[in-house]
Each structure stands twice: as C-alpha cells, then as structure tokens.
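**Q** Reading the sequence shown from the start, the letters are residues 35 to 324 in the numbering used here. For glycine and all other residues, C-beta sits at the position ideal for the given N, C-alpha and C.
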Amino acid sequence: MRIVRTISETRAALADLRAEQRCVGLVATMGALHAGHISLVRAARAACDAVVATIFVNPTQFGPNEDFSKYPRTFEADCALLEAESVDLLFAPEPAEMYPEGSSTMVEVEGISDRLDGQSRPGHFRGVATVVAKLFNIVGPDKAFFGQKDAAQVAILRRMVRDLNFPLEIVVCPIVRDPGGLALSSRNRYLSPENRQAALALHRALQRIEARVAAGASDAATLVDAGRAVLAEVPAVRLDYLRIIDPDTLEDLPDIRLGALIALAAWVGSARLIDNLVIPPAQQATTTSA
Ligand code: PAF
C-alpha cells in the first residue's frame with residue numbers, strides 16, 4: 035500500500051491507475067478504524083479494481099466544543115489494517131493540505147443539512163459535504179463507499195452528488211454491530227465497560243420499534259414512544275433524538291411506510307452515538323394502521 039500526504043502525489047498516483055482504465059473505489063475515513071470501516075474496504079475491493087482509502091480527521095465537521103482534539107488517532111494500527119486488506123493507496127493529509135491559508139469555499143446542502151445531527155451539531159454536515167466534495171475532486175473515484183450507520187450523512191452526500199453532478203456512484207454498506215448489537219463506531223472507544231453495557235439500549239430501542247411494526251403498529255408517535263420507553267430504563271443514556279423519517283429527505287413521517295428509517299442519537303457518558311434501522315419494505319407491506 036502506498037501512503038501519500040499531498041494532493042499532488044495522490045493525483046499522480048491516481049493518473050497511473052486511471053491510465054490502466056481501472057475502476058477506482060474510495061473509502062473515506064477519519065481513521066480509528068474498526069470492522070465497520072473494513073467492511074467498506076472489502077465492499078470496495080469486491081466492486082473495484084483499485085481501492086483508495088483516506089484518513090483525515092476533518093476539523094470543519096466538528097463544533098467548537100466537540101471532540102476534535104481528543105478524536106482517536108491510531109495511524110499505525112490503521113495502516114496495518116488497510117495494508118492487510120490490500121488497499122492500493124492511502125491518502126492521509128494534514129489539515130493545512132486540505133484547508134490551506136485563505137480557504138473560504140464551503141459546500142452547503144441546504145435544508146436537509148439542518149435535520150437530525152445537523153440540528154444538534156450546527157455546521158457538521160457543511161463540514162462533511164465540503165471535505166467529501168474535496169476528496170471526490172482529488173481522488174475522482176468511480177464508486178464511493180459509506181456506512182449506513184451515518185444515514186443522514188448518506189442522504190446529504192447522495193443529494194450533493196446529484197446536485198453537483200459528481201460522476202460517481204455512492205454505495206451504502208450495512209451497519210456492522212458487535213455481538214451485543216452495539217453499532218461499531220470509532221467513538222465507542224470513549225465508553226467505559228459500564229457505559230458500553232448501557233449503550234446496548236440504543237439497538238434494543240430500535241428493535242422494540244421494529245417488533246411493534248411487525249405486530250402491526252404504524253403510527254410514528256406511538257412507535258417513537260415505545261423506543262423512548264426502552265431508553266428511559268437506562269439512566270446512563272441521554273437521548274438526543276429518536277425519529278421516524280424519510281431516508282432521502284430526513285423529514286419526519288407520520289406513519290411507517292416503504293423505506294422508513296428509524297434514527298436515533300444519544301449521549302452515553304462522553305460519547306455521542308448514533309444508530310438506525312430501516313424498516314424492510316416486505317415488513318411494511320403487511321402492516322396495517324394501529
Ligand atoms: O464518516 C466519516 O468518517 C466522515 O464523516 C467522513 C465521511 C470521512 C468525512 O470526514
């Protein structure tokens with residue numbers, strides 16, 4: 035695996051791959067890699083000829099009081115994992131390479147960026163859209179792989195790709211969970227053993243809603259209450275939001291319908307965790323109003 039730190043080196047390396055007319059897959063990360071990231075790399079490996087990974091803890095997607103400075107940085111271990119997956123190229127720039135003095139252009143996907151995490155973390159998705167647009171321009175991938183765990187990020191990036199005519203396909207890969215059901219996240223490293231146990235309630239809340247839907251419930255407010263009740267049983271969990279939404283617009287739905295997304299965010303200790311579940315269309319097709 036070749037490791038490059040600058041945009042010009044990345045472009046030169048990509049020009050070689052492109053000359054061979056290879057399909058290039060991009061896996062953009064902030065490092066602190068776990069099995070969820072590796073699943074994206076494997077999906078890219080399976081679908082593309084060449085895999086480019088990026089590691090960049092992007093300052094513009096963190097608010098002033100957020101965890102930018104303490105975000106886990108495990109570069110050596112990350113490189114070993116990527117090397118083991120036969121990644122072709124790793125682009126790991128410094129902030130000054132991505133945002134040189136005088137940078138003043140940001141990408142704003144209006145409206146949708148203020149929903150869910152965008153409501154709780156103002157400016158977060160502006161930072162995400164900006165850095166991902168830059169990575170798309172630098173790497174020029176044919177396919178870019180993102181995790182379903184960040185469902186709002188996926189909706190915003192899909193919209194950006196459509197609106198700005200990026201010639202690439204976004205591929206969304208399933209959430210990877212630990213054996214207890216906790217969605218893998220770099221921020222799980224912040225959890226004490228007790229809080230890790232408490233955090234399992236997030237998935238349990240989603241499962242409770244899923245079970246209610248399977249039993250025929252469809253009213254969103256009632257379903258949200260059922261999920262909230264699960265979280266309320268665990269004092270260490272402080273809910274930010276639990277919503278039933280349209281996965282494309284991130285707007286609240288009054289009742290479950292095809293492709294509805296149940297999304298939540300909660301604080302467990304110092305970790306802000308997100309999780310979600312898509313109600314499978316087959317399940318919804320058989321539901322009736324509660
Ligand atoms: O999902 C992430 O890790 C980040 O938001 C991303 C897409 C790498 C942009 O910094």
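Given this structure, state the Cα-to-Cα distance separating aspartate 122 from glutamate 135, to the nearest angstrom.
**A** Roughly 30 Å between the two C-alpha positions.
**Q** Near arginine 149, what residues of its chain come up, given a Cβ to Cβ distance below 6 Å and the 5 sequence neighbours on each side ignored?
**A** If we look at arginine 149 and ignore the five residues flanking it on each side, its Cβ neighbours are Leu284.
**Q** Look at the Cβ atom of lysine 183, then the Cβ atom of serine 219, and state whether they are nearer than 9 Å.
**A** Closer than 9 Å, so yes.
**Q** Of all residues in the structure, which have a C-beta closer than 6 Å to any heavy atom of the ligand PAF, taken in chain order?
**A** Any residue whose Cβ sits closer than 6 Å to a heavy atom of the ligand PAF makes the list: Ala62, Thr63, Met64, Asn92, Gln95, Val162, Val165, Val166, Asp184, Gln187.
**Q** For valine 356, which of helix, strand or coil comes out of DSSP?
**A** Residue 356 is absent from the model: the chain starts at 35 and stops at 324.
**Q** State yes or no: is the C-beta of asparagine 92 within less than 9 Å of the C-beta of methionine 132?
**A** Yes; because the gap between Cβ atoms is below 9 Å, this pair is in contact.
**Q** Taking the alpha-carbon of arginine 79 as reference, which of Ala185, His68, Val61, Ala69 has the nearest alpha-carbon?
**A** Residue Val61 is the option with its Cα nearest to arginine 79.
**Q** Rounded to whole angstroms, what is the Cα-Cα separation between valine 173 and leucine 48?
**A** Cα to Cα, valine 173 sits roughly 7 Å from leucine 48.
**Q** Let's test the definition: count the other Cβ atoms within 10 Å of the Cβ of aspartate 112 and tell me whether it reaches 16, buried, or not, exposed.
**A** Counting Cβ neighbours within 10 Å, aspartate 112 comes out buried, since at least 16 surround it.
**Q** Rounded to a whole number of angstroms, what is the C-alpha to C-alpha distance between valine 165 and tyrosine 275?
**A** Distance between the alpha carbons of valine 165 and tyrosine 275: 26 Å.
**Q** Can you find a CB in chain B that lies within less than 9 Å of the CB of glycine 145?
**A** Protein chain content of the structure displayed is limited to a single chain, and chain B is not contained in it.
**Q** Within 10 Å of its beta-carbon, does methionine 140 have 16 or more other beta-carbons around it, so buried, or fewer, so exposed?
**A** Per the 10 Å Cβ criterion, exposed.
**Q** I need the boundaries of the alpha helix (DSSP H) containing glutamate 131, first residue and last residue.
**A** 129-132 is the span of the alpha helix (DSSP H), which, as asked, contains glutamate 131.
**Q** May I ask you to verify whether the segment 226-245 touches the segment 187-200, counting CB pairs closer than 8 Å and requiring at least 3?
**A** With a cut-off of 8 Å, the segment 187-200 and the segment 226-245 do not count as touching, because too few Cβ pairs lie within range.
**Q** With 16 other CB atoms within 10 Å as the buried threshold, where does serine 252 fall?
**A** Result: buried.
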